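Top line first, the protein sequences correspond to chains A and B. All the letters of the first sequence, read from the start, carry residue numbers 1 to 262 under full-length UniProt numbering. All the letters of the second sequence, read from the start, carry residue numbers 1 to 262 under full-length UniProt numbering. Ideal placement from N, C-alpha and C gives every residue a C-beta, glycine not left out. Since this is a predicted model, take the numbers as computed values, not measurements. Accompanying notes for the structure given below.
Protein chains: 2
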Amino acid sequence: MLLYYFLATVVLAATSTAQPDLDNPLNKNFNKLHLLRRQGSFGGNSNGAWCSSWQYGVETNNIIGWKTVPEKCELYVARYMLGERYGEDSKVVTKEAYLYAQSHTLSDDGKDVWLFDVDDTAVSNLPYYATNGFGVKPYDPESFHQWILSEAAPALPKSLKLYKNLKTLGFKIIFLTGRRENERSAIESNLKVAGYHTWELVLLKDDDYSGTTADFKAEQRKNLEDAGYRIVGNIGDQWTDLLGTNAGHRTFKLPNPLYYAA
Amino acid sequence: MLLYYFLATVVLAATSTAQPDLDNPLNKNFNKLHLLRRQGSFGGNSNGAWCSSWQYGVETNNIIGWKTVPEKCELYVARYMLGERYGEDSKVVTKEAYLYAQSHTLSDDGKDVWLFDVDDTAVSNLPYYATNGFGVKPYDPESFHQWILSEAAPALPKSLKLYKNLKTLGFKIIFLTGRRENERSAIESNLKVAGYHTWELVLLKDDDYSGTTADFKAEQRKNLEDAGYRIVGNIGDQWTDLLGTNAGHRTFKLPNPLYYAA
Chain A
1 MLLYYFLATV
11 VLAATSTAQP
21 DLDNPLNKNF
31 NKLHLLRRQG
41 SFGGNSNGAW
51 CSSWQYGVET
61 NNIIGWKTVP
71 EKCELYVARY
81 MLGERYGEDS
91 KVVTKEAYLY
101 AQSHTLSDDG
111 KDVWLFDVDD
121 TAVSNLPYYA
131 TNGFGVKPYD
141 PESFHQWILS
151 EAAPALPKSL
161 KLYKNLKTLG
171 FKIIFLTGRR
181 ENERSAIESN
191 LKVAGYHTWE
201 LVLLKDDDYS
211 GTTADFKAEQ
221 RKNLEDAGYR
231 IVGNIGDQWT
241 DLLGTNAGHR
251 TFKLPNPLYY
261 AA
Chain B
1 MLLYYFLATV
11 VLAATSTAQP
21 DLDNPLNKNF
31 NKLHLLRRQG
41 SFGGNSNGAW
51 CSSWQYGVET
61 NNIIGWKTVP
71 EKCELYVARY
81 MLGERYGEDS
91 KVVTKEAYLY
101 AQSHTLSDDG
111 KDVWLFDVDD
121 TAVSNLPYYA
131 TNGFGVKPYD
141 PESFHQWILS
151 EAAPALPKSL
161 KLYKNLKTLG
171 FKIIFLTGRR
181 ENERSAIESN
191 LKVAGYHTWE
201 LVLLKDDDYS
211 GTTADFKAEQ
221 RKNLEDAGYR
231 IVGNIGDQWT
241 DLLGTNAGHR
251 TFKLPNPLYY
261 AA
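Below you can see the structure in the form of structure tokens.
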């Protein structure tokens with residue numbers, strides 16, 4: 001738990017200077033992470049340039065359907081996620097989102113909504129991935145499910161700031177995620193602990209839903225617009241959150257080189 | 001002209017070692033460019049990290065409708081375009097495009113097409129932008145028109161390679177650009193000189209077309225599909241080439257931090 005706290009505070013650019021408890025077994029990766037951070041954030045080895053181009057391909061939706069981070073890019077991705085660039089890139093996105101939201105004149109019927117994806121948009125799974133190979137290992141549903149149930153994902157600081165600012169402007173917030181109903185309690189509890197205290201809806205897949213997350217999200221967005229909501233903005237870390245029908249008047253893509261979700 | 005040749009050969013990673021004619025007034029920026037290249041490709045100043053995040057925002061369609069490159073990013077953009085990263089990032093895109101094209105089973109009716117944008121997709125306007133402030137100066141239609149009429153834009157090497165490979169696979173190539181009919185002669189001539197010798201169609205705006213390029217391209221794509229063509233792939237450097245209706249079964253986004261086209 002303290003590792004998560006450390007990551008949430010130091011890595012995700014919050015302001016606490018709390019030190020992790022090195023006796024806690026969760027902190028065995030502390031020195032490794034710290035070492036990575038000290039090595040600087042980019043390049044510095046022959047894979048850096050290639051991995052940077054790979055990241056360009058991933059973030060621009062050119063490289064799709066990939067299963068794992070290329071093994072030679074583990075250090076690159078670790079440095080990106082643990083260095084300043086991840087936060088700075090996220091800041092550019094949420095700043096543009098807020099400028100756009102400010103320029104929008106809200107109607108007075110309370111139907112102007114902003115969609116947030118959950119994983120690595122509202123809250124960060126970096127603590128999980130940092131101790132599970134930074135995306136190089138294949139996705140393991142069971143250990144990830146346990147991580148979700150731990151309710152320990154910290155807020156992405158830039159996303160939480162955007163959430164608060166959007167609420168101040170008068171937007172209704174709807175969380176739309178490909179996670180399932182059997183995790184609802186943990187998800188809602190985690191969102192609240194992370195600072196997302198209120199919302200209009202948290203939309204989850206039924207446990208027996210068999211379609212893709214992209215299909216599920218498109219269906220849910222259509223339902224929302226059929227119900228009279230206007231999707232003014234939509235923010236996510238996966239292109240599958242943002243493409244397709246009823247995607248929203250504007251969409252915002254947060255960085256995520258750790259995994260691809262269809 | 002020799003500057004263009006220099007840029008096309010050295011910068012765009014072709015193999016000639018021809019040296020530019022330094023008495024040619026077009027080459028007055030040679031030393032400046034060379035100096036930039038020697039300074040390395042990234043960072044190295046306090047603006048590098050910010051500009052890198054700005055570039056992330058631009059390439060992921062988070063920052064839209066921008067008029068000019070931020071002045072503090074001129075050096076950053078110059079280094080990106082003149083260094084290895086531009087070519088490497090482009091290579092990731094065209095490689096994915098080719099892998100996808102290879103996996104596609106072509107029908108035998110000759111209606112499988114691949115769309116290419118022209119500017120900074122098929123051919124490079126980098127020689128123009130390199131002598132006009134790397135996107136920091138506002139767009140100047142008159143000098144750009146003169147540049148087009150000079151028919152001096154070199155091929156983007158990765159795009160030309162993709163074009164040749166797609167033709168070998170049996171795809172019909174259609175060039176779709178927001179440029180206008182009054183430039184058709186120069187555009188077609190330039191394409192041929194650059195190595196794009198044959199095509200199915202070159203689609204240009206009528207001189208009095210008043211809509212956006214995004215609208216024009218969506219209309220043209222619909223016309224193509226109504227005429228029985230199947231848009232299997234679509235490659236461009238602007239998101240407005242790739243979003244909207246009938247965009248193609250898959251789309252590929254080449255990098256371009258020099259300008260935004262709506």
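- For A/Asp237, same chain residues with a beta-carbon under 8 Å away, outside a window of 5 residues either side, are Asp117, Asp119, Asp120, Thr121, Lys253, Leu254, Pro255 and Asn256 in chain order.
- Neighbours of B/Gly57 in chain A, taken as residues at a C-beta separation under 7 Å, are given in chain order as Val92, Val93 and Glu96.
- In this structure, DSSP gives A/Thr251 an extended state, which the three-state scheme calls strand.
- B/Val232 is not a Cβ neighbour of B/Gly211, given a cutoff of 8 Å.
- Per the DSSP secondary-structure output, A/Lys172 pairs in a beta bridge with A/Val113.
- Contact between B/Asn62 and A/Val93 holds: their C-beta atoms lie close to 5 Å from each other, under 8 Å.
- With three or more CB-CB distances shorter than 8 Å, the segment 196 to 213 of chain A counts as touching the segment 180 to 188 of chain A.
- Closest by C-alpha distance to B/Gly57, out of A/Tyr86, A/Tyr259 and A/Gly48, is A/Tyr86.
- In the structure shown, B/Ile235 falls within a strand segment according to DSSP collapsed to helix, strand and coil.
- If you draw a 10 Å sphere on the C-beta of B/Arg184, you find fewer than 16 other C-beta atoms in it, and that means exposed.
- Look at A/Val92 here: in three-state DSSP terms it is helix.
- Taking a Cβ-Cβ threshold of 7 Å, none of the residues of chain B is close to A/Ile231; the smallest such distance is about 16 Å.
- Beta-bridge partners of B/Asp119 (DSSP): B/Val123.
- Boundaries of the beta strand (DSSP E) harbouring B/Lys205: Leu201 to Lys205, taken from the DSSP string.
- Among the bridge pairs identified by DSSP, A/Ala155 is matched with A/Val123.
- Contact between the segment 152 to 159 of chain B and the segment 121 to 134 of chain B is present: three or more C-beta pairs spanning the two stretches fall below 8 Å.
- By alpha-carbon distance to B/Asn190, the top candidate from B/Asn223, B/Ser150 and B/Asp89 is B/Ser150.
- Per the C-alpha coordinates, the member of A/Trp50, A/Leu243 and A/Trp239 positioned closest to A/Val77 is A/Trp50.
- For B/Asp226 and B/Phe171, the gap between their C-alpha atoms comes out near 18 Å.
- Taking the Cα positions, A/His145 is about 41 Å away from B/Gly65.
- When C-beta atoms of the segment 240 to 247 of chain A are compared with those of the segment 217 to 224 of chain A, three or more pairs fall below 8 Å, so the two segments count as touching.
- For A/Ser124, the nearest beta carbon of chain B is not closer than 8 Å to its own beta carbon.
- Interface residue (Cβ-Cβ distance to chain B less than 8 Å): A/Phe252 is classified as such.
- Interface criterion not met: the Cβ of A/Thr121 is under 8 Å from no Cβ in chain B.
- Here A/Ile148 is not near A/Ala101, since their CB atoms are 8 Å or more apart.
- Close to chain B, meaning a Cβ-Cβ distance shorter than 9 Å, are the following residues of the segment 59 to 85 of chain A: Glu59, Thr60, Asn61, Asn62, Ile63, Ile64, Glu84 and Arg85.
- The three-state reading of DSSP puts A/Gly244 in coil, since its state is none of H, G, I, E or B.
- Take A/Lys167, set aside five residues on each side of it, and the residues of its chain with a beta-carbon closer than 8 Å to its own are Ile173 and Thr198, in chain order.
- Shown here, A/Thr177 sits in a strand according to DSSP, grouped into three states.
- A/Ala214: member of the alpha helix (DSSP H) spanning Thr213 to Asp226, first to last residue.
- With distances taken between CA atoms, B/Thr213 lies nearest to B/Trp239 out of B/Asn234, B/Leu224, B/Trp239 and B/Pro127.
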